[in-house]
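Down below is the structure, laid out as structure tokens.
2 protein chains.
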Amino acid sequence: MSNCKTHKTCINEALKTAEIICNERGVKLTKLRQTVLKLIWKSHNYVKAYDLLDDLKKIDSSAKPPTIYRSLDFLMENGFIHKIRSLNAFIGCTHPNEHKECYFLICDNCQNIEECCSEQINKVVTSTTGKNHFEPNQVTLEISGICQDCIS
Amino acid sequence: MSNCKTHKTCINEALKTAEIICNERGVKLTKLRQTVLKLIWKSHNYVKAYDLLDDLKKIDSSAKPPTIYRSLDFLMENGFIHKIRSLNAFIGCTHPNEHKECYFLICDNCQNIEECCSEQINKVVTSTTGKNHFEPNQVTLEISGICQDCIS
DNA sequence: TCAATTATGTTATAATATAACATCAATTTC
DNA sequence: GAAATTGATGTTATATTATAACATAATTGA
Chain F
57 MSNCKTHKTC
67 INEALKTAEI
77 ICNERGVKLT
87 KLRQTVLKLI
97 WKSHNYVKAY
107 DLLDDLKKID
117 SSAKPPTIYR
127 SLDFLMENGF
137 IHKIRSLNAF
147 IGCTHPNEHK
157 ECYFLICDNC
167 QNIEECCSEQ
177 INKVVTSTTG
187 KNHFEPNQVT
197 LEISGICQDC
207 IS
Chain H
57 MSNCKTHKTC
67 INEALKTAEI
77 ICNERGVKLT
87 KLRQTVLKLI
97 WKSHNYVKAY
107 DLLDDLKKID
117 SSAKPPTIYR
127 SLDFLMENGF
137 IHKIRSLNAF
147 IGCTHPNEHK
157 ECYFLICDNC
167 QNIEECCSEQ
177 INKVVTSTTG
187 KNHFEPNQVT
197 LEISGICQDC
207 IS
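So, in structure tokens, the structure goes:
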């Protein structure tokens, strides 16, 4: 479960940040992409592409799979959302400006996902890939289990 | 690229180990499951489920998706193979007896996957989940990039 | 303005995975 | 050893996830 009090703030923050970053980068956060980002941020839980598509269809009944997947691609490329590979699902990024590598704590019970960064983990990954003479490109670290709020 | 000299040895090892573990556990490594495990071990590269199905069809033309997926499920449950979530692919496990958590170094160039264990990584994961009061269940750590042999 | 680029619309289909029910084989129990 | 139970496989159908390919529209920039 997330601790945000007024979730609207989370959504607005996410949209504003995305807007700013897009301007900096000279890429366009179009109406559609905004809408999709907003739909993803509907909650702190992960969302599936086709659920998103259903949501989008309520707004624009002509939406089709490529509509969603293209927006998802754009949002991922720019770091506004992440794909959770172990779930084939997507989630809004809580700090699109800052991180390099991050990892996810996925609650099997409440579906909430916590996005975390850890210098420690980065170091270990770097050192272990170094030992293997491996040039890392992308790190996927997803930890599923039971979150704080669901343990009791 | 893998360093095995006679890959047949890898396959035989994998099958023998699986056999022994199944006996210990009182579960059955049926003909079909053996065949699928052998097909997965055809190389050290990862394999896709439907490629596997095509291979299996050459042996038993009546094979269908559930044939493969059931065997894959069994082999995963017993730790003889792993699913690589970032690729929707499967790979034989190199040490089904020993490890708890492991991680994968996936070469984008040659498709080889190195399965590694690191006490260090386990510790960091434990400590970081602990800090978040998170009860971990399953850890997915997949690092893609360029392997030693493909860097030059 | 028109050429090039980028974004979106649209149709179709590819790729991945599972549900549901039938049958067969092995094991246990009486 | 026959019947009952369990586990494995066969089979049909379909769900879920994702992309290719081509058409059109909007935007940018020379």
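Protein chains in written order, with the numbering used here: chain F, 57 to 208; chain H, 57 to 208.
Heads up, the beta-carbon is just placed ideally off N, CA and C, and yes, glycines get one too.
Keep in mind the model is a prediction, meaning the values are calculated, not measured.
List, in chain order, every chain F residue whose beta-carbon is nearer than 9 Å to that of H/C203. N188, H189, F190, E191
Answer with buried or exposed for F/I137, where buried requires no fewer than 16 other C-beta atoms within 10 angstroms of its C-beta. buried
I want to see whether chain F comes within less than 9 Å of H/V83, judged by CB atoms only; does it? no
Given 8 Å as the limit, is there contact between the stretch 80 to 92 of chain H and the stretch 123 to 139 of chain H, that is, 3 or more CB pairs closer than that? yes
Only counting the same chain, and skipping five residues up and downstream in sequence, which positions put a Cβ closer than 8 Å to that of F/I213? This structure cannot settle anything about residue 213 of chain F, because the visible part of chain F is limited to 57 through 208.
Are the stretch 157 to 172 of chain H and the stretch 150 to 157 of chain F in contact at 8 Å, needing three or more beta carbon pairs? no
What residue range is occupied by the uninterrupted alpha helix (DSSP H) comprising F/P121? 121 to 133
Within-9 Å CB hit, F/Q167 to chain H: no
At a CB distance below 7 Å, what residues from the stretch 145 to 163 of chain H approach chain F? Give them in sequence order. L161
Locate the beta strand (DSSP E) running through H/Y159, then write down its first and last residues. 159 to 163
Quick one: is F/T150 buried, meaning 16 or more other Cβ sit within 10 Å of its Cβ, or exposed? buried
Going along the stretch 91 to 115 of chain H in order, which residues come within less than 7 Å of chain F, judged by CB to CB distance? none
Chain F beta carbons: is any one of them nearer than 9 Å to that of H/I177? yes
Distance check for H/I96 and H/R81, CA to CA, integer angstroms please. 22 Å
So which residues of chain F does H/I207 contact, with C-beta pairs closer than 8 Å? H189, E191
9 Å is my cut-off, CB to CB: does H/C60 come that close to chain F? no
Cβ pair H/N93, H/G148 closer than 9 Å: Per the sequence shown, residue 93 of chain H should be read as Leu rather than Asn. In contact: H/L93 and H/G148 (Cβ atoms closer than 9 Å).
Validate contact between the stretch 64 to 83 of chain H and the stretch 184 to 195 of chain F using beta carbons, cut 8 Å, 3 pairs: no
Excluding the five sequence neighbours on either side, which residues of its own chain have a C-beta within less than 8 Å of the C-beta of H/I199, listed in chain order? Y159, F160, L161, I162
Closer than 7 Å by C-beta to H/E75: which residues in its own chain qualify, once you throw out the five before and the five after it? Chain order, please. L85
Would you call the CB atoms of F/I177 and H/T184 closer than 9 Å? yes
Near F/S142, which residues of its chain fall below 6 Å by C-beta distance, leaving aside the five closest residues on each side in sequence? E198
Residues that F/S174 contacts on chain H, provided the C-beta gap is smaller than 8 Å: V180, T184
In angstroms, rounded to a whole number, what distance separates the CA positions of H/K104 and H/C172? 21 Å
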